[in-house]
Structures are given as structure tokens and as C-alpha cells.
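Since the structure comes first, as C-alpha cells, the remarks are kept for the end.
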Amino acid sequence: MDLKGTKTEKNIIEAFIQETQSAMTYDYAAYRADVEGHNEITTKLRSSAAIRRGHAMGNMQLLQKDPVTGLRTNITRLNLQSAIEKATRLYHDVYPKMAETAREENLEDIANWFETLAKAERMEAKLYEEALKILLD
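Just so we're aligned, residue 1293 is where the sequence shown starts under my numbering, counting upward by one.
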């Protein structure tokens, strides 16, 4: 089924964004509950996060493409290329600009955090490139 350019495609992308954000929010809430010793709440929040990840995966399956890069997701090579593209964009453009903005606002600790994230993304991109090389050899 071709969803390209349809309102339904946009709705699925929005649903994917909402589900992934919810999953991460619930994961963080579970972490906080665990730190505070609320074991039963931790379990419930982790379960909810896992359900949200499942919903996001279902949306990805419907899209059959990465909502950010537009690359198809039904082939490992394309998934690696998409991961390389996203990590590169983050370390090359996004996080350095965010660090610059934080510095302009005299938020040095946050600027340093964004720079740390940029370094991590650069390392991730290299890992994905190595994986792609293994796949193609």
C-alpha cells in the first residue's frame, strides 16, 4: 500500500512520534520510581513503556520507512544507512548548534552536555559504518 503524501501517512508519523516520546517519558519515570524505591510503580511504568515501544514499532511497520530520513526500513542495509545519516546530522549540525545556543545563554553545563552528546553520536555513526562495512563485505 502506498501511503506517500497521504494524510494517513502524516497521522502514522505523528502517532509514531507520540508513542516513542511516551515510551521514553515512561522509561524515565520508571527510573525515578526505582531510585525512590517504588518497585511496584517501577514495574508498571516499565510495562507501559514497553507497550508504547510496541505501538511505535507497529507504526514503523505500517510506514515501512524511517519517518526522519525517509529510507525504507525493511532492509538492514537501509536501516544502517539511516542510522548513519541521523547520527551524522546530530553530531555535525544539531548538537553543535544547541551547544552554541546554550553558551550564548550562559548555560555552560548544558552546552557541555550537548557537546558530549555530539561526541557520542560521532562514535555511534562510526559503529554503524563498521556494521555496514561488515554487511557489505
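Using N, Cα and C, we set each Cβ at its ideal position, and we do this for glycine too.
Asked	Found
According to DSSP, residues forming a beta bridge with R1364	K1357
When L1372, N1371, Q1313 are compared against I1343, the one with the closest alpha-carbon	Q1313
Whether D1319 touches A1341 by CB criterion (8 Å)	yes
Residues near A1394 by beta carbon distance below 7 Å, same chain, minus five either side	I1402, A1403, F1406
Sequence-distant residues of its chain with Cβ nearer than 6 Å to I1392 (five each side left out)	For the sequence presented, residue 1392 should be read as Glu rather than Ile. Counting only Cβ-Cβ distances below 6 Å, and skipping sequence neighbours, we find nothing.
E1306 burial status per 10 Å Cβ neighbour count (16 or more: buried)	exposed
DSSP three-state assignment for L1428, whether helix, strand or coil	helix
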